[in-house]
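A short worksheet on the structure shown next.
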Amino acid sequence: DAMVIQNPRYQVTQFGKPVTLSCSQTLNHNVMYWYQQKSSQAPKLLFHYYDKDFNNEADTPDNFQSRRPNTSFCFLDIRSPGLGDAAMYLCATSSGQGGYEQYFGPGTRLTVT
Amino acid sequence: GESVGLHLPTLSVQEGDNSIINCAYSNSASDYFIWYKQESGKGPQFIIDIRSNMDKRQGQRVTVLLNKTVKHLSLQIAATQPGDSAVYFCAEYGQNFVFGPGTRLSVLP
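In order, the protein sequences belong to chains B and E. Mapping the first sequence onto the working numbering, position 98 (from 1) lands on 98, and the numbers just tick up by one. So the mapping is simple: the working numbering equals the position in the second sequence, first residue as 1, plus 1000.
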């Protein structure tokens, strides 16, 4: 089945130690998104790629970076994780930018110790 | 660790009753809206969508109503089942997707 895959599902990192979260998709969608979701809160968009065109939300901290080496893969890099970065990180894809359904992966829960 | 989260509004309904979940959106220029269901430990799952040129759309057991005058969106679930228990988010698309705060639906036996 076509899907959005996130690895790992659970990630523990130390305060200040860089960490990378991975997302892959078999849907061949043009757009890939990264969201941060904290407990009992709505997902918050960090950035998205339309093909190779990177779009950063204005309030996304510089500590968060992203890479999309090809259509199928997208990575979220947290350069120096703080305790406040502990959250669920959701990857999503859509076939176009704008009013198109987003397909979400299962998320990676990040713990910062 | 994580900052303390907000308490989600909760809607409790009896199994078999109809549920109505409401959402106020913020951007009058938003032209596309989605309802998502999120079960514990999973990513959001698409339920139904509606574009701004419509005021009602029906799916299987679900109906979305859009009132652009008051910027209000609702999700109606008919004959609510235990498997419907989850957090429901509305999302609006103006320049980007923005999610509403979410409502926890609890189905009572």
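Idealized CB from N, CA, C, for every residue including glycine.
Q998(E) versus E1015(E): straight-line alpha-carbon distance, rounded:
With chain E running from 1001 to 1109 in the structure shown, residue 998(E) is simply not present.
As a quick exercise: from D1055(E), P1009(E), W1035(E), L1108(E), pick the residue whose alpha carbon is nearest that of A1079(E).
When only C-alpha atoms are compared, the closest one is L1108(E).
Note down, in chain order, each residue of its chain lying with its Cβ closer than 6 Å to the Cβ of F1033(E), except the 5 sequence neighbours on either side.
If we look at F1033(E) and ignore the five residues flanking it on each side, its Cβ neighbours are I1050, L1073, E1092.
If you measure from the beta carbon of F73(B) to each beta carbon in chain E, is any gap under 7 Å?
No, F73(B) lies away from the interface with chain E (no Cβ there is under 7 Å from its Cβ).
Which bits of chain E does A58(B) rub up against, with CB to CB less than 7 Å?
By Cβ distance, chain E contributes nothing, its closest Cβ being about 10 Å from A58(B), past 7 Å.
Buried or exposed for L76(B), going by 16 or more other Cβ atoms inside 10 Å?
So L76(B) ends up on the buried side.
Nearest to F64(B) (by Cα), restricted to the options F73(B), Y89(B), G105(B):
Ranking F73(B), Y89(B), G105(B) by Cα distance to F64(B) puts Y89(B) first.
Span separating the alpha-carbon of G1001(E) from that of D59(B):
For G1001(E), the predicted structure reports a pLDDT of 36, less than 50, and the residue's modelled location is therefore unreliable. The matter cannot be settled from this model.
Residues of the stretch 32-49 of chain B with a CB closer than 9 Å to any CB of chain E: list them in chain order, please.
Under the 9 Å Cβ criterion, the stretch 32-49 of chain B contributes Y33, Y35, Q37, K38, S39, S40, Q41, A42, P43, K44, L45, H48.
Per DSSP, cross-strand counterpart(s) of R109(B):
R109(B) is bridged to Y10(B), M88(B).
At a cut-off of 6 Å, is L1011(E) close to the ligand FAD when judged by its beta-carbon and the heavy atoms of the ligand?
The model depicted lacks the ligand FAD and carries no ligand whatsoever.
Residues of the stretch 84-98 of chain B with Cβ closer than 7 Å to any Cβ of chain E, in chain order:
Listed by position along the chain: G84, A86, A87, L90, G98.
Are any of the Cβ atoms in chain E nearer than 7 Å to that of P61(B)?
No, no contact with chain E.
Would you mind stating whether L27(B) and T93(B) have Cβ atoms separated by less than 7 Å?
Going by C-beta atoms, L27(B) is nearer than 7 Å to T93(B).
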